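J.: Quick one: the structure is below, questions incoming.
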Amino acid sequence: MSTTALELHNISKVFGGTRALSGVDMTVQHGEVLALLGENGCGKSTLVKVLAGVHEPEPGGRLVVDGTEVPLPMPLGTSSDLGLCFVHQDLGLARPLTVLENLLGFAQEGASRWNIRWGREVRKAREMLRSYGVLVDPMAVVNQLPPVDQALVAIARAAEQLKQHRERTGATSSVLVLDEPTVFLPEEEVSFLFDLIRTVVAGGSSVIFISHDLPAVREIADRLTVLRDGRVVAHASMSDVTDDEIVELIVGAGAATKTAFGHGGGAPTDRAFDRTPGAGLDVRGLVGGRLTGLDLAVAPGEVVGLAGLLGSGAEDAPYLLFGARSATAGEITVHGRTLPVDRQQPALAVDAGLALIPADRRRDAIAPGVSVAENMMLLVVATFRRRGVLQTRRMRATADQRADALDVRPRRTSVPVGTLSGGNAQKVVLAKWLEISPKVLLLHEPTQGVDVAARAEIYRVIRRATETGMSVLWVSSDFDELATVSDRVVVVSGGTAVSTVEGSDITPEAITTAVYGAARATGESTITTAGAATS
Amino acid sequence: SSSEEDSGSSGEAGTVISADVLDELRAVVEEAAAVPEFEPQGPAFSVAPLAGQKILSMPVSSQLKGCDDMARQVVDIAKSIGMPDSTYFQNDGGPAAWVQGMNQAINGGYDGVALVCGIDPASLAPQMAAAEAAGIEVVDMHLADVSEPASDLIAAQTNGEFNRAMEVSVAAALVEANGNPIDALMITSNENPPSIGMEQTVKDEFARLCGDECGVETINIPITEYATKLSGAVSSALVANPDIEAVFMAFDAQTPFVVSALKASRTDAKTYAFGADEPAIEMMTDPSNPMGGDMGPSFPWMAYSGADQLFRVMAGEPAIPAAEAFAPYRMFTPENADEATPPDYGFGDSYVQGYRDLWLDAPPA
Amino acid sequence: MSTTDVAERRGAEGAPGESGTPPTTKTRGSWAEKAALPLAWVVLFAVFAALNPDRFLSMGNISNILGSQSILFMLALAALLPSMVGDIDLSLGSIGGLSAILVAVLNVQQGVPIGLACLLAIGAGALCGAANALFVVRFRTEPFIMTLGTGTFFGGLIFWIANSTTIVGVSGTLSEWTYVRVIAGIPIQFYYCLLVMLLIWYVSTYTPLGVRALFVGQSRDVAALSGIKSDRIRWGAFVLAGVIAALGGILYVGTTGSAGPSSVGAFLLPAYAAIFLGATSIQPGRFNALGTGVAVLFLATGVAGLQLLGAQDYAQQLFYGGALVAAVTLSRYLRRT
Amino acid sequence: MSTTDVAERRGAEGAPGESGTPPTTKTRGSWAEKAALPLAWVVLFAVFAALNPDRFLSMGNISNILGSQSILFMLALAALLPSMVGDIDLSLGSIGGLSAILVAVLNVQQGVPIGLACLLAIGAGALCGAANALFVVRFRTEPFIMTLGTGTFFGGLIFWIANSTTIVGVSGTLSEWTYVRVIAGIPIQFYYCLLVMLLIWYVSTYTPLGVRALFVGQSRDVAALSGIKSDRIRWGAFVLAGVIAALGGILYVGTTGSAGPSSVGAFLLPAYAAIFLGATSIQPGRFNALGTGVAVLFLATGVAGLQLLGAQDYAQQLFYGGALVAAVTLSRYLRRT
Ligand SMILES: Nc1ncnc2c1ncn2[C@@H]1O[C@H](COP(=O)(O)OP(=O)(O)OP(=O)(O)O)[C@@H](O)[C@H]1O
Ligand SMILES: Nc1ncnc2c1ncn2[C@@H]1O[C@H](COP(=O)(O)OP(=O)(O)OP(=O)(O)O)[C@@H](O)[C@H]1O
Ligand SMILES: [Mg+2]
Ligand SMILES: [Mg+2]
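Written out as structure tokens, the structure is:
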């Protein structure tokens, strides 16, 4: 094969006054996995969308697919004819629609233009999904599926498109583009994805893999391309760079020093905590969602990680405690005050000093059209009132201070939050809750899709807040992260807490062992989807 | 230029109208202001052939109380002369609803249809043809001005003296001005066909009586926009021409909006309307409302005259010619507005016995 | 304009990891929810039939129920298209009125043959729809306010063309082909509506175009990611809606033999009531053609039944409003349980 | 019902990553965008004043512009509240009409003193608003269709209470206190509207409640998870909207001295036009009180100016529609550049 699978030359893209991409050159060889790396907002997804024909690049760019020049801009809907298949960031599924409709929504050839036979399509879809080991009902509405299943559907959809393209055209060349597909996948499903990638590559196709999860990148990628502020700063072979060098490429030489590879900052272990019952957060027999009776205590100033396989119930805990979903039984005590768990509501939770940072930031945590300052100060607006008048200037000034302290970029807090990158938006969410000095901070996947530098910043800020006695309950499927931040890790299985990893034992490996061990012990079949690609 | 103590006293003439003419005009108004007397418009005839038949009576819209009551009264009259199965058809107004009523008449085997308050048969041409084919006699009640040609889509019609109402109104306005030239504003709703003739009448009368000295401005406001636009439009017209002293209305449902604009503008202009609808006359009894006159028919009287016409054609009698078939109007002014009280609202009841005497062989009540 | 609000989404959302337990309701809406409106129609029909068996069950009345609401039916189908792709078009009443007045003016005053006049009116409808699409889709403005504006503008054109009067005397051929001819006792225009409804239903349910339109309507931001040209589909919806509204105007002229300045406009809000009501049924939570048809017939039956009983005018409005409130609340309740 | 669609939001998005270069557009809408409508108003005013200086600048005309649209103004302010918190209320016209007819019937037919009659009407408005809130907020239904339904129902009540007729002869005291008294030549009711507008503006801009309501309107999920009692705020908006609509009804009775079955309802769509137009200005992209006020005055000025020039009714409609289209398109264009 003398050609390359994909070549991009001099791709630029400007949004209004913003330059998202400047003269990007990139090459993908046949049969390789290329990692596309960079901070939040550096232009990775924009590049993907140029490839998909969603965005028109500036004139002057060139695109070569399998040796053939493709005129730009490429009309929407034609990329699949070139063998380019995508899993977009946030999956690109229409959530109110059924899985089957999502599969059919693609501009696809072959299917009848005038008569969709639903019965046949249902069977075909079920079979297709099963062939990738995804056991999801095609008639289910995407909304009602757990995020993992949604991710698996999106991945299977792209893989199937790729396969059909190859069957139809006989081409060996095709490119699968995966834009942060792992954020929705727990560890055990990541291996499913990697098996799939290896199968695809073995068949001669190529993969562009985008992720902030550097260990995962290290595991699967052959080469990497790094973007910073819309420019390519490096092309390299994976074997030629060390982990530290990758971090430095991503964040820039100056910033890299304070960021360790993977998940920066280490938790000081062996701190002493006031473990008097009722001093911090006490949970007794919490029932609701997948939880069948969770007992848990978090001392003031302590960070407790909650780990469990998907379906163990761990991911329900923060929402039930906060009243965002209703629990059926249990008792919560916060600093000696007992809350009625079955009548818990967010408003009451806030009163009691609970704070929740939910996983779905875009939907649940920020109002995109509202300014950074207002988002940050929402919970404490009343304190800016003097003689009935809200002092907006003072409010903005305070917000500016917080933005400074947390290194929110850009600093101008009058811009709508929707314009911030993921990492910066998450800092705003954090600032918003820290403003009320909560007694208990509940976190669910707080660093999903957040770049490596911002992630370290977030760890630092939370750690600092615990010094004033704030208890933290941290739920994450990223065990590296839990190992980094936790004073104690509680393993949940079958809806209850089954074991604890403590002190110097806290390592990613120890947590993984504990979690899988517990799952085996309770005999639960936690994974709703099979783990291996069969195609 | 005018004031109340002038009106009614015959004094010297104004600048454009001679004293003689002014007296004539005053007489015209006075005659129109008297209680109308019943006069038969056709010979007596037997209603015996109608026994057991049935009619359907449909108002232009059930949301207009006068028309709705009139349509129901037509049914009552029909029942009283031996058509007990007659029915009233409730509707929200508009051709689509009327089509449903006509369908019901055709499908239900009715013998006659009363279209009440001037539903334009031309806007239901297919239904009229179907009704004729089904042998149904359709009579339209209070359709057009007596000067208009009769519609050939229906069996017969009764009309109204719309244009005369405006003649009398112009006379009243000039009397009020004591024969001095005035500017006038005419407000029409042209989607309502008699508006056009009324507007022309006002223009013609002013031209006839005061030549170029009096100006007539017009505005056209659709009925559906009275609430939102009428007051503002009248205010603007008064700003544009502060000399306007008489406002003529083609439909007295405009009264509340026009009166409020006149009050706000603080002019001496008064209103003259076609209609004689109860709420408008009631407003006239309040001296603070600048209203000069309101001339129109009585709904019960129209119900009788319309029923009379319908019975004639159903009984195979010749219809009364459209130009002669109408219920008389009465001119209400602030002087006689307080006579418009129940039960007869200022029209007396001479017509009830008058019509009953024309319908021979009616079953005993 | 989505029919689900936040709270619903929250409620519907299984907690993550709940895929193990089979969902209690299948895919979109339970059987009870899908069938609630058709059942309510049957009940309503039965009640009126019991109250007034002779008249209500007469062929004449059935024909009246099915035939008389054709203008509303057609306008509701027009309103359906932009709504399905996530837009709203409040100018359709004016477009229908414009089409009606054009047919009347061209035929009566200009002597244009009726067939050609109808074609020109349809062309005008398409043009108005294209103007809406230009402003809303091309210039990316909010459809609610924009079509309120264009609708007012088209309304002004109507009054201008009509010179504020009602134009009568349109060729009887049109009436012949819309209103007078009957099939199985029901005016032919009802079948036109049925045809348009079935077409929309078929295309939206059984073609890839329909699935794509669904993406555009329900998740416009991901439609592009799936390679769907949303703008083109939205243009199509606006233009076709203009054409169908123009057909509604033509039915109006056919039914009444005339056209006035404020004719079809009055049907706009009832048409929206019908499509929203229809969205509670058949395919709950989605604007859909069959649901719209059922909703039109449900409302028409109620109104005709009350008229036959000689109810007061206000009773009709109370029924209409009450039925909407009850149907929407009930369907919401069924979705929850 | 948000005024921004996906495409717009994307467009408005500034730039992360690019924190070095200052973005060209400021926060929400540039200065030009915020001021476009007020400027358009000034230009319109100047044009009419130049065309017709004596009359247009006369006190009578100014008073007409400011005073004659008070009912529309009040109804637009009512419509503003649910819109600000992400709902829509299409029953406000009927609520205003119900309030008007109640005042008239109570005062004229039942002999209730006018002050008490007004209070009772306001109470009825609050009750209607509460009914809307019950169905929309408590039962979690779609506000568009639900308030279309309740609005039709309230409309039926109006006809029932009014017995389909116009009731005249309401105590002159009411007119005295709404329409007849003037301050600086302008009817006192204009100042009532101004007061309500400033109140809404103040509360929405300068109180914590206003900030919370903003979140409820823009991101209801976020509001809920921030411990804001969204439901309570939405209830409040519906009930207060009912009260303000009732005030609109009272102004109607004061202005005309009468109340008919179809009175205030006709102002509903113009009221929505005003609030959507207002949302392009002052705080672009958000329904806001000052923008609404400017929009009402802009439209009133245009109509009054054309009336003074003796334009036909259709010209006014063309202006109204054209102005809406132009204003919205222009503001969209300004946001882009
Ligand atoms: N449609 C758009 N309109 C305006 N600006 C945009 C648009 N899409 C992206 N941007 C901007 O372009 C820049 C690049 O964004 P992009 O989404 O490509 O970042 P990314 O590298 O994928 O970040 P992340 O890691 O957070 O996904 C950002 O500044 C972003 O705000
Ligand atoms: N939009 C949709 N999304 C998911 N499922 C659907 C959709 N529309 C229809 N179905 C379902 O598909 C199934 C079969 O539908 P239908 O009977 O139309 O299929 P068919 O083409 O006749 O299939 P067959 O090949 O079995 O004859 C039904 O259960 C139906 O509910
Ligand atoms: Mg991205
Ligand atoms: Mg089949």
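Read top to bottom, the protein sequences are chains A, B, C and D. So the first sequence is residues 17 to 551, counted in the working numbering. So the second sequence is residues 113 to 477, counted in the working numbering. So the third sequence is residues 5 to 341, counted in the working numbering. So the fourth sequence is residues 5 to 341, counted in the working numbering. We put the CB at the ideal spot given by N, CA and C, even for glycine. Note that the coordinates shown come from a computational prediction; the quantities given were computed from them, not determined experimentally.
State yes or no: is the C-beta of A249 (chain D) within less than 9 Å of the C-beta of V226 (chain D)?
T.: Counted from its first residue, the fourth sequence places residue 249 (chain D) at position 245. Counted from its first residue, the fourth sequence places residue 226 (chain D) at position 222. Cβ distance not < 9 Å, so A249 (chain D) and V226 (chain D) don't count as in contact.
J.: Could you tell me the alpha carbon to alpha carbon distance between S72 (chain C) and T260 (chain C), rounded to whole angstroms?
T.: Position 68 of the third sequence holds residue 72 (chain C). Position 256 of the third sequence holds residue 260 (chain C). Each residue's Cα considered, the two are about 11 Å apart.
J.: Report yes or no: is there a C-beta of chain D within less than 9 Å of the C-beta of M63 (chain C)?
T.: As a position in the third sequence, residue 63 (chain C) is number 59, starting the count at 1. No, no contact with chain D.
J.: Can you tell me where the beta strand (DSSP E) with N26 (chain A) in it begins and where it stops?
T.: For this step, residue 26 (chain A) is matched to residue 10 along the first sequence. L22 to F31 is the extent of the beta strand (DSSP E) around N26 (chain A).
J.: Any chance the region 478-496 of chain A sits against the region 308-317 of chain A, with 3 or more Cβ pairs inside 8 Å?
T.: With the cut-off at 8 Å, the region 478-496 of chain A and the region 308-317 of chain A touch.
J.: For E204 (chain A) and chain C, any beta-carbon pair shorter than 9 Å?
T.: Walking along the first sequence from the start, residue 204 (chain A) turns up at place 188. Not one chain C Cβ lies under 9 Å of E204 (chain A).
J.: Relative to the alpha-carbon of L138 (chain C), which residue among C:S98, C:D93 and C:G173 has its alpha-carbon at the smallest distance?
T.: For this step, residue 138 (chain C) is matched to residue 134 along the third sequence. Closest by alpha carbon: C:D93.
J.: Whole angstroms is fine: what's the gap from G97 (chain C)'s alpha carbon to Y183 (chain C)'s?
T.: As a working mapping, residue 97 (chain C) is identified with position 93 in the third sequence. As a working mapping, residue 183 (chain C) is identified with position 179 in the third sequence. In a straight line, the C-alpha of G97 (chain C) is about 20 Å away from that of Y183 (chain C).
J.: Can you give me the C-alpha to C-alpha distance between A135 (chain D) and G101 (chain D), rounded to a whole angstrom?
T.: Counting from 1 along the fourth sequence, the entry for residue 135 (chain D) is found at position 131. Counting from 1 along the fourth sequence, the entry for residue 101 (chain D) is found at position 97. Their Cα atoms are separated by approximately 16 Å.
J.: What residue range does the beta strand (DSSP E) around W181 (chain D) cover?
T.: Stepping through the fourth sequence from its first residue, residue 181 (chain D) is reached at position 177. It is not in any beta strand (DSSP E) - W181 (chain D) carries neither H nor E in the DSSP assignment.
J.: Can you tell me whether H181 (chain A) sits near ligand 1, meaning its C-beta is under 8 Å from at least one heavy atom of the ligand?
T.: Here residue 181 (chain A) is taken as the residue at index 165 of the first sequence, counted from 1. Checking every heavy atom of ligand 1 against the Cβ of H181 (chain A), none is found closer than 8 Å.
J.: Whose CA, out of D:I187, D:F194, D:L123 and D:V200, lies closest to the CA of A83 (chain D)?
T.: Position 79 of the fourth sequence, counted from the start, is the residue given in the question as residue 83 (chain D). A83 (chain D) has its Cα closest to that of D:V200, out of D:I187, D:F194, D:L123 and D:V200.
J.: As a quick exercise: from C:A270, C:G189 and C:V116, pick the residue whose alpha carbon is nearest that of M63 (chain C).
T.: As a position in the third sequence, residue 63 (chain C) is number 59, starting the count at 1. Among C:A270, C:G189 and C:V116, the Cα nearest to that of M63 (chain C) belongs to C:G189.
J.: Hey, is V247 (chain C)'s beta-carbon within less than 9 Å of any beta-carbon in chain D?
T.: Taking the third sequence and counting its residues from 1, the one referred to as residue 247 (chain C) is at position 243. Cβ-Cβ to chain D under 9 Å: no for V247 (chain C).
J.: Could you say which of A:G439, A:V468, A:L113 and A:G321 lies nearest to P231 (chain A) if we only look at CA atoms?
T.: By 1-based counting over the first sequence, the position of residue 231 (chain A) is 215. The candidate whose alpha carbon is nearest that of P231 (chain A) is A:V468.
J.: Please list the residues of the region 126-150 of chain D that have a C-beta atom closer than 8 Å to any C-beta atom in chain C, keeping them in chain order.
T.: Within the region 126-150 of chain D, the qualifying residues are F139, F143, R144, T145, E146, F148, I149 and M150.
J.: Name the chain B residues that come within less than 9 Å of D317 (chain C), Cβ to Cβ?
T.: Numbered from its first residue, the third sequence carries residue 317 (chain C) at position 313. Within 9 Å Cβ-Cβ: S173, S174, Q175, D180, Q202, N203 and D204.
J.: Comparing the CB of T429 (chain A) with every heavy atom of ligand 1, is any distance shorter than 8 Å?
T.: Along the first sequence, one-based indexing puts residue 429 (chain A) at 413. No, the beta carbon of T429 (chain A) sits no closer than 8 Å to any heavy atom of ligand 1.
J.: Spatial neighbours of A39 (chain C) within its chain, please: CB distance less than 8 Å, with the 5 preceding and 5 following residues excluded, ordered by chain position.
T.: For the purposes of this step, residue 39 (chain C) is identified with residue 35 of the third sequence, where counting begins at 1. Cβ neighbours of A39 (chain C) beyond the five flanking positions: S285.
J.: CB-CB under 8 Å to A145 (chain B), same chain, minus the five flanking residues each way: which ones, in chain order?
T.: Within the second sequence, numbered from 1, the residue matching residue 145 (chain B) stands at position 33. Cβ within range, chain order: R442, M443, F444, T445, E447 and N448.
J.: Check each residue of the region 181-197 of chain C: if its Cβ is closer than 7 Å to any Cβ of chain B, include it; give the result in chain order.
T.: The residues in question are Y183 and V184.
J.: Give the residues of chain D in contact with R341 (chain A), contact being defined as C-beta atoms less than 9 Å apart.
T.: Working through the first sequence from its first residue, we reach residue 341 (chain A) at position 325. In chain order: nothing, as chain D lies at least about 11 Å away.
J.: Answer yes or no: the CB of K60 (chain A) versus the heavy atoms of ligand 1, is any distance below 8 Å?
T.: Taking the first sequence and counting its residues from 1, one reaches residue 60 (chain A) at position 44. Yes, the beta carbon of K60 (chain A) sits closer than 8 Å to at least one heavy atom of ligand 1.
J.: In chain order, what are the residue ranges of uninterrupted beta strand (DSSP E) at least 3 long that sit wholly in the region 205-236 of chain B?
T.: The region 205-236 of chain B contains these whole beta strand (DSSP E) runs: 224-228.
J.: When burial is assigned at 16 or more other CB atoms within 10 Å of the CB, is T313 (chain B) buried or exposed?
T.: To locate residue 313 (chain B), count along the second sequence from 1; it is residue 201. Buried is the call here.
J.: Let's see if you can read the secondary structure: which residues bound the alpha helix (DSSP H) around E176 (chain A)?
T.: Numbered from its first residue, the first sequence carries residue 176 (chain A) at position 160. Residues P163 to T185.
J.: Mapping DSSP to helix, strand and coil, what is V319 (chain A)?
T.: On the first sequence, position 303 is the one that residue 319 (chain A) refers to. If DSSP states are grouped into helix, strand and coil, V319 (chain A) belongs with the strands.
J.: For D358 (chain A), tell me which candidate among A:R234, A:I348, A:G149 and A:H251 has the shortest Cα-Cα distance.
T.: For the purposes of this step, residue 358 (chain A) is identified with residue 342 of the first sequence, where counting begins at 1. The shortest Cα separation from D358 (chain A) among A:R234, A:I348, A:G149 and A:H251 belongs to A:I348.
J.: Just to make sure I have the definition right: I need the residues of chain C whose C-beta is within less than 7 Å of the C-beta of R111 (chain A). Which are they?
T.: Along the first sequence, read from residue 1 onward, the residue named residue 111 (chain A) stands at position 95. Under the 7 Å cutoff, chain C gives S223.
J.: Taking 8 Å as the cut-off, is the C-beta of N56 (chain A) nearer than that to any heavy atom in ligand 1?
T.: Walking along the first sequence from the start, residue 56 (chain A) turns up at place 40. The answer is yes for N56 (chain A).
J.: Evaluate P440 (chain B) with the Cβ neighbour count: other Cβ atoms within 10 Å of its Cβ, from every protein chain shown; 16 or more gives buried, anything less gives exposed.
T.: Position 328 of the second sequence, counted from the start, is the residue given in the question as residue 440 (chain B). It counts as buried.
J.: Using 9 Å as the limit for Cβ to Cβ distance, is K341 (chain B) near chain D?
T.: Within the second sequence, the letter at position 229 stands for residue 341 (chain B). It does: the Cβ of K341 (chain B) has a partner Cβ on chain D nearer than 9 Å.
J.: I'd like to know if the region 402-410 of chain B and the region 361-380 of chain B are in contact, where contact means that at least 3 CB-CB pairs between them fall below 8 Å.
T.: With a cut-off of 8 Å, the region 361-380 of chain B and the region 402-410 of chain B count as touching, because enough Cβ pairs lie within range.
J.: Would you say V298 (chain D) faces chain A, with C-beta separation under 9 Å as the test?
T.: Within the fourth sequence, residue 298 (chain D) is the residue found at index 294, counting from 1. Answer no: the Cβ-Cβ gap between V298 (chain D) and chain A never drops below 9 Å.
J.: Got a sec: does ligand 1 put a non-hydrogen atom nearer than 8 Å to the Cβ of A36 (chain A)?
T.: Position 20 of the first sequence, counting from 1, holds the residue named residue 36 (chain A). Yes - ligand 1 has a heavy atom lying nearer than 8 Å to the Cβ of A36 (chain A).
J.: What would DSSP say about D238 (chain A), mapped onto helix, strand or coil?
T.: The count along the first sequence starts at 1 and reaches residue 238 (chain A) at position 222. D238 (chain A) falls in the coil class under three-state DSSP.
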